[in-house]
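Colleague:
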Amino acid sequence: MWRKILFNAQNVLQQQQQTLQFKSQTVRQLAAKAAAPKPMQLEQLHIEEAIKLEPALAIYTPDIWQRAHETFQNHGLETVSFLRIVTGNPAVLKRTPERLINSLELWRACQFGEHLLHLLLTKYPELLDVSDAHQLLSLSAYLKSRLTNNKNVWKLLMNSPDLLAQPEHTIEQKLNYMFDIMRIEVPEIVKSAALSLSFEELRCRHTFLFRLGLFKPRALKADPNEPTTNNRLYQITDTSEKSFATKICHVTLPEYEAFKELFARELERKTRKPKDEDEFSDEEDA
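The sequence shown lines up with residues 94 to 379 when you count with our numbering.
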């Protein structure tokens, strides 16, 4: 009898514990839902503030605003991001939901992940104008092959969105120069806007530093984590000519401009010399 009572009591306690656990879990879930911020809705005040920033938005009706906002929100972009996008690229508002979705899906194919993709499109809304899937995916695949992963491609685009307008052979020329001549590693390249410079400007800045004794390439088998006295790549490339000359090279701007002119002549002579030799050889053969 006592065993039966004890057994029943244990069952009751277990049931009570399970009930308490269920209630506790339910309360936590409800609390989490209550604490989670609700998506911000688009209000007339938001529209008015956006128009102040970009008057071109004034031609669109509230219905068009709401339609575009709903499309972006359904794809994970918050109201704040939406407002940044339309003030940066007003033409986005007049596009149909289908066209907006196609643009988002095109960029999703680059596999940056939703969060990183939203950061990229919010920073550069003009990227939503890209419509050539073959060009974008080919560029993304090429950059991934050189930079090891999609996140590095994303970092590069965050610093140099104009890569989409550059021919692949131009990008390759600059990457080869940084890898083979300057001996810069991937992490340093993707943290800079070096690829936004022309190849000629990149080569000129590096050569000037090298001839001043202010840039020494790493040994081929050197540890990439080993400290170096060289300036970081972004310090060399992500700056005006004046800042580059005075702060990085410690010379005056006119001195750097004079070097640029002399260096251009030097390269021209080197280019012309083989042609002259070929012409002389042809004359001898004749």
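C-beta: ideal position from N, C-alpha, C; glycine also.
What is the DSSP secondary structure of V223, reduced to helix, strand or coil?
Modeller: In the structure shown, V223 sits in coil (DSSP, three-state: anything other than H, G, I, E or B).
Colleague: In terms of residues, what are the limits of the alpha helix (DSSP H) holding R161?
Modeller: Position check: residue 161 holds Ala in this sequence, whereas Arg was assumed. Here the alpha helix (DSSP H) through A161 covers P155 to N167.
Colleague: Going by C-alpha to C-alpha distance, which of E281, D255, P347 and T154 sits closest to P320?
Modeller: It is E281.
Colleague: With DSSP run on the structure shown, which of helix, strand or coil describes V344?
Modeller: The answer is coil: DSSP assigns V344 none of H, G, I, E or B.
Colleague: Measuring straight from C-alpha to C-alpha, what distance separates R239 and E136?
Modeller: Using only the alpha carbons, I get a separation of about 45 Å.
Colleague: So, helix, strand or coil for K353, using DSSP?
Modeller: Residue state, collapsed to three classes: helix.
Colleague: With DSSP as the reference, label D316 as helix, strand or coil.
Modeller: Three-state result, D316: coil.
Colleague: Give a yes or no on contact between the region 140 to 152 and the region 177 to 186, applying the rule of three or more CB pairs nearer than 8 Å.
Modeller: Contact between the region 140 to 152 and the region 177 to 186 is present, because at least three Cβ pairs lie under 8 Å.
Colleague: Please report the straight-line C-alpha distance between E283 and I277, rounded to a whole angstrom.
Modeller: For the record, residue 283 in the displayed sequence is Val; it is not Glu. V283 and I277: Cα-Cα distance of roughly 10 Å.
Colleague: Indicate the three-state DSSP secondary structure (helix, strand or coil) for D331 in the structure shown.
Modeller: Coil at D331, not helix or strand.
Colleague: Taking a contact to mean a Cβ-Cβ separation below 8 Å, would you say D255 touches S233 in this structure?
Modeller: No, the pair does not count as a contact, with Cβ atoms beyond the cut-off.
Colleague: In whole angstroms, what separates the C-alpha of K366 from that of F337?
Modeller: Their backbone Cα atoms lie some 31 Å apart in a straight line.
Colleague: Are the CB atoms of I329 and R298 within a distance shorter than 8 Å?
Modeller: Yes. Within cutoff.
Colleague: What do you get for K187, buried or exposed, if any count of 16 or more other CB atoms within 10 angstroms of its CB means buried?
Modeller: Under this definition K187 is an exposed residue.
Colleague: Given E334, which residues of its chain have a CB within under 7 Å of its CB, disregarding the five upstream and five downstream residues?
Modeller: The answer, listed in chain order, is L346 and Y349.
Colleague: Quick one: grab the DSSP three-state call for L290.
Modeller: Reduced to three states, the DSSP call for L290 is coil.
Colleague: Measure the alpha-carbon distance for T189 versus N167 and round it to whole angstroms.
Modeller: Spanning the two alpha carbons is a distance of roughly 14 Å.
Colleague: Return the residue from the list D225, L209 and K248 that minimises the CA-CA distance to S196.
Modeller: Nearest option by C-alpha distance: D225.
Colleague: Answer yes or no: the CB of T154 versus the heavy atoms of the ligand NAD, is any distance below 7 Å?
Modeller: This structure simply doesn't include the ligand NAD, nor any ligand for that matter.
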